[in-house]
Amino acid sequence: MVLGIGIDIIEIHRVEKAMEKPKFVDKVFTPGEQEYLKTRKNNPSTAAGYFAAKEAAAKALGTGFGMVKWTEIEVIRQEKGRPGIKLYGNAKIAMENMGGSSILLSISHSRDNAVAQVIIC
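Oh and the sequence shown: position 95 is 462 in the working numbering, straight run, nothing missing.
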């Protein structure tokens with residue numbers, strides 16, 4: 368049963384510009400995400416996809432970022448490179464409170480935009 372669904376789209380150039388500021392990177396991305404982004408040479412499309420995934424996850428949880436910190440939602444690489452979500456702190460509590468047991472994540476890009484969809488079951 369679907370318990371929550373969220374989607375987000377972001378212009379890649381906005382994230383690229385924001386990533387010039389170390390405060391933005393530290394506020395939004397976990398150390399693990401930052402390490403992965405470095406292996407991708409801080410590819411703006413990848414960073415924007417991660418940003419959109421976090422926004423979509425917060426929407427699916429029904430919390431937004433008022434109750435959850437950006438770094439409490441982590442985009443991870445699963446088997447065969449498939450993206451996934453790992454939750455910490457208040458995000459994890461919100462997931463438990465809604466009775467969720469799994470999170471599905473899809474990320475896609477065009478030349479100008481990144482989009483992500485999250486479904487909580």
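Every residue gets a Cβ at the ideal spot worked out from N, C-alpha and C, and that includes glycine.
Check whether the Cβ atoms of residue i and residue j lie closer than 7 Å to each other.
i       : j       : result
Ala-420 : Leu-472 : yes
Asn-457 : Glu-441 : no
Gly-429 : Ile-474 : no
Phe-418 : Ile-374 : no
Leu-404 : Met-465 : no
Between which two residues does the beta strand (DSSP E) harbouring residue i extend?
i       : result
Lys-394 : Lys-394 -> not in any beta strand (DSSP E); alpha helix (DSSP H) instead, spanning 389-395.
Do you know how far the Cα of residue j is from the Cα of residue i?
i       : j       : result
Ser-469 : Lys-408 : 30 Å
Ala-385 : Thr-406 : 19 Å
Could you check how far apart the C-beta atoms of residue i and residue j are, in whole angstroms? I think they sit under 8 Å.
i       : j       : result
Pro-411 : Glu-387 : That belief does not hold up - the Cβ atoms of Pro-411 and Glu-387 are roughly 11 Å apart, past 8 Å.
Nearest by alpha-carbon distance to residue i: which of the options is it?
i       : options                   : result
Glu-463 : Phe-432, Glu-446, Cys-488 : Cys-488
Met-461 : Ala-424, His-476, Pro-398 : The sequence as given places Ala at residue 461; Met does not occur at that position. Selected option, being the one with the closest Cα: Ala-424.
Met-434 : Gln-445, Ile-443, Glu-422 : Glu-422
Ala-481 : Tyr-455, Arg-381, Gly-431 : Arg-381
How far does the alpha helix (DSSP H) with residue i in it extend, from its first residue to its last?
i       : result
Gln-401 : 398-406
Hey, is residue i close to the ligand HEM, as in C-beta under 6 Å from one of its heavy atoms?
i       : result
Gln-484 : This structure lacks the ligand HEM, and indeed carries no ligand of any kind.
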